[in-house]
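Written out below as structure tokens is the structure these notes cover.
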Amino acid sequence: MVKILKVKTYNFLRWTEKWLKTDMVYFSRGGFWLTAGQMFSSLSAFLLSIAFANLLPKETYGTYKYVLSIASILSIPTLSGMTTSLAQAIASGSDGSFIPAVKARIKWGLLGALASLILASYYFYQADTTLTISFLMAAVFLPFMDSFNSYEAILVGKKLFKTSTKYNIIMKAAATIGMISTLYLTKNIFLIIFSYFILYTVLRFIFLQITIYKIELNHQQDPKTISYGKHLSLMNVISTAASQLDKILIFNYLGAIELGIYSFAIAMPEQIKGLLNNIQTLALPKFTQSTHRENRKTILIKMLKFSVIVFPVVIIYIITAPYIFKLFFPQYLDAVFYSQIFSLSLLTIPAGLPITFLQSQANTKKLWQLNLITPITQIIVMFIGVYFYGLMGVIMARVISRIINFILFVKMVEKNN
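Here it is as structure tokens:
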């Protein structure tokens with residue numbers, strides 16, 4: 000019976016390929032594990048959000064989110080694009096590039112630590128003890144926390160999605176339990192921030208060591224891996240800054256409480272986006288192993304069909320959001336309408352496919368164009384939004400900028416075809 004069911008499922012997936020123009024067997028196998036991992040990650044984030052909403056004052060939560068936003072920008076020197084470059088190299092059989100790339104990330108990450116110390120000095124001069132101590136702590140962990148996460152490149156490059164999911168579930172479970180325990184025991188912002196950094200740094204280091212120990216890597220190196228990783232990282236500088244600019248603007252111009260409200264407004268739509276973005280992770284090895292012509296022929300069709308799938312998800316969220324907030328986040332009911340508006344930006348998720356395609360082809364010229372135009376558009380629209388319309392202006396700015404970028408990506412794909 001089980002064997003018959005497997006055969007029928009396999010035949011059904013092969014049949015859907017006629018419509019989707021995609022290897023659905025591959026995406027179902029890999030997608031199951033990636034989706035399972037992302038679902039657990041979303042569940043962990045949801046439970047943590049409940050803890051933050053009910054155990055921590057809005058102002059303290061807003062300060063916590065501000066520190067993490069600045070830390071994300073300060074982590075830019077750790078070469079976040081190296082993970083994509085490594086995954087591509089490993090998918091092509093160049094495992095030996097891994098260790099040199101991790102060392103490069105740590106070395107460059109020291110610049111982020113230095114910047115954090117400078118920022119701590121600034122806040123010390125401003126007599127802001129909370130942010131001074133927070134950025135002193137961040138300086139200790141910045142070179143290592145994201146660099147240790149490079150093990151994901153091995154698992155993605157070798158299509159070990161099941162292993163990646165297991166590691167991710169264990170790490171998220173441990174980190175979530177640790178953070179909730181901290182929130183239950185104390186409202187001290189320093190202990191909360193320290194718990195975040197120490198938990199993720201140590202857990203990522205453990206799984207980095209486990210991955211290296213269990214998976215035998217060859218010594219073949221691709222000399223372009225590190226340079227391409229630097230290229231991708233440099234391209235991400237403006238986009239990383241733009242992705243955190245909303246929180247920085249809200250904290251400095253509207254206040255910590257407003258940042259707390261905003262963070263809850265975008266939290267669930269962003270988790271949904273993370274679930275749907277698994278398509279991009281699965282697509283990278285496939286794009287790498289396919290020809291440019293094969294990928295170019297089908298990518299626009301896949302984008303449009305993906306949009307059709309996303310639409311009902313958005314409608315369901317808009318309808319259920321008021322009930323979810325009332326039940327789990329009663330202190331943040333004023334975030335409901337903002338969240339419903341922001342969820343419209345989910346319709347633009349398929350725009351990520353062209354970026355993954357260009358990354359797989361190492362098309363640095365087009366990637367540079369996208370990674371400059373996209374964040375610059377968001378920054379301009381966001382400054383206008385927060386200045387004239389406050390919190391709603393930031394929400395609308397993010398939705399509008401994503402729509403503009405979606406149109407831009409579609410036009411770019413049409414031009415290449």
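All the letters of the sequence shown, read from the start, carry residue numbers 0 to 416 under numbering that gives the first Met the number 0.
Yeah, the Cβ is synthetic: ideal placement off N, Cα and C, and Gly gets one too.
Note that the structure is a prediction, hence the values are computed from the model and not measured.
Boundaries of the alpha helix (DSSP H) harbouring H230: K223 to L248, taken from the DSSP string. Put simply, the backbone Cα of Y65 is about 12 Å away from that of K57. When DSSP states are grouped into helix, strand and coil, N404 belongs to the helix group. Its chain contains F140, F143 and M144 as the residues whose beta carbon lies nearer than 6 Å to that of T200, once the 5 sequence neighbours on both sides are disregarded; these appear in chain order. Contact annotation: S43 and D221 have beta-carbon atoms that are not nearer than 8 Å.
By the neighbour-count criterion, in which 16 or more other beta carbons inside 10 Å mark a residue as buried, S79 falls on the buried side. Taking 8 Å as the cut-off, the beta carbon of G389 is found no closer than this to the beta carbon of L258. Here DSSP, grouped into helix, strand and coil, assigns S93 to coil.
Between S400 and T376, the CB-CB gap stays under 8 Å.
Considering only V309, P311 and I394, the residue with the shortest C-alpha distance to I340 is I394. With the rule of 3 Cβ pairs closer than 8 Å, the region 91-105 counts as touching the region 197-217. Counting only runs of 4+ residues, the alpha helix (DSSP H) found wholly inside the region 39-125 occupies 57-73, 81-90 and 97-124, in chain order. Contact check for A86 against A152 passes: the beta carbons are separated by less than 8 Å. Secondary structure of L130 (DSSP, three-state): helix. Here K186 is not near L332, since their CB atoms are 8 Å or more apart.
Distance check between L253 and each of V309, S242 and Y386 places Y386 closest, using alpha-carbon atoms only. Sixteen is the threshold: when 16 or more other Cβ atoms of the shown chains lie within 10 Å of the Cβ of F405, as they do, the residue is buried.
Per DSSP, the continuous alpha helix (DSSP H) segment holding P268 begins and ends at A255 to L275.
Runs of the alpha helix (DSSP H) spanning 4 or more residues and lying entirely within the region 307-387 occur at 335-341 and 351-359, in chain order. Boundaries of the alpha helix (DSSP H) around S180: F160 to L184. Residues of the same chain with a CB within less than 6 Å of the CB of S232, apart from the 5 flanking positions on each side, are L78, S79 and G80 in chain order.
N148 and R203 do touch by the CB rule: their CB atoms are close to 5 Å apart, below 8 Å. If you check the CB distance, P268 and S306 do not come in under 8 Å.
The Cβ neighbour count for Q125, taken over all protein chains shown within 10 Å, is under 16; the residue is labelled exposed. Residue state for Q208 is assigned as helix, using DSSP reduced to three classes.
Per the C-alpha coordinates, the member of Y337, L47, M391 and P311 positioned closest to P321 is Y337. Classified as buried, I225 has 16 or more neighbouring CB atoms from the shown chains inside 10 Å of its CB. Taking C-beta separations shorter than 6 Å and ignoring five residues to either side along the sequence, the partners of G384 in its chain run G392, V393, M395 and A396, following chain order. Burial state of Q219 is exposed, judged by a 10 Å Cβ sphere holding fewer than 16 other Cβ atoms.
Contact between the region 70-77 and the region 102-121 is established, with three or more Cβ pairs separated by less than 8 Å. Cβ contact annotation for K171 (same chain, cutoff 7 Å, sequence separation greater than five): F39, S40 and S43, in chain order.
Check the Cα spacing between I315 and each of F328, Q330, M302 and L345: the tightest is with L345. Separation of K246 and S68 (C-alpha to C-alpha, rounded to the nearest whole angstrom) is 7 Å. Going by DSSP, I153 is part of the alpha helix (DSSP H) stretching over Y150 to G156. A distance below 7 Å between beta-carbons, with the five flanking residues on each side excluded, links S115 to the following residues of its chain, in chain order: L73, F134, A137, A138 and L141. For Q219, the three-state secondary structure derived from DSSP is coil.
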